[in-house]
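Oh and the sequence shown: position 45 is 1418 in our numbering, straight run, nothing missing.
We treat Cβ as the ideally placed atom computed from N, Cα and C, and that holds for glycine.
As the structure is a prediction and not an experimental result, all values here were calculated from the model.
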Amino acid sequence: MTDIWMPGTDGIAVVQAIRTMAPGIPVFVITGGGPGLSIASAAALAEVWGAQKVFIKPFDVRVLFEELKTALARSG
1374 MTDIWMPGTD
1384 GIAVVQAIRT
1394 MAPGIPVFVI
1404 TGGGPGLSIA
1414 SAAALAEVWG
1424 AQKVFIKPFD
1434 VRVLFEELKT
1444 ALARSG
């Protein structure tokens, strides 16, 4: 799980690196948008680069946990 906007790097680079090193690992992204980028654009970009699920801030933590449990069960 990564945020899209972080100091020193961005979540899209993290998603790309994970997809390169471990393509089968589920990647979840959280976003509230960012500088010059709408929430919808940030979410679409994360999905294009391989995020399995994008959570828009604020989000329900219970939904996050359910999605994590489902993804982990599928990945074995």
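Span of the alpha helix (DSSP H), counted from its first residue to its last, around residue i
| i | result |
| --- | --- |
| F1438 | 1434 to 1448 |
Nonlocal neighbours in the same chain, by C-beta distance under 7 Å from residue i, ignoring five residues either side
| i | result |
| --- | --- |
| I1391 | I1398, V1400 |
| K1430 | I1403, T1404, G1405 |
| A1415 | I1377, T1404, G1406, G1407 |
| D1383 | I1377 |
| A1444 | P1399, Q1425 |
| G1418 | According to the sequence shown, residue 1418 is Leu rather than Gly. Cβ neighbours of L1418 beyond the five flanking positions: I1385. |
| V1427 | V1402, T1404, A1416, A1419, E1420 |
Buried versus exposed, by CB contacts within 10 Å (16 or more), residue i
| i | result |
| --- | --- |
| G1409 | exposed |
| V1387 | buried |
| F1438 | exposed |
Per DSSP, the bridge partner or partners of residue i
| i | result |
| --- | --- |
| G1407 | L1410 |
Residue interval of the beta strand (DSSP E) (run including residue i)
| i | result |
| --- | --- |
| I1398 | Segment: none, I1398 is in no beta strand (DSSP E) and carries neither H nor E. |
| I1377 | Careful: I1377 lies outside any beta strand (DSSP E) and carries neither H nor E. |
| K1430 | Note, K1430: premise wrong, no beta strand (DSSP E); not H, not E. |
Closer than 7 Å to chain C by CB, residue i
| i | result |
| --- | --- |
| D1376 | Protein chains in the displayed structure number just one, and chain C is not present. |
Proximal residues to residue i (C-beta, below 6 Å), its chain only, five neighbours per side dropped
| i | result |
| --- | --- |
| Q1389 | W1422 |
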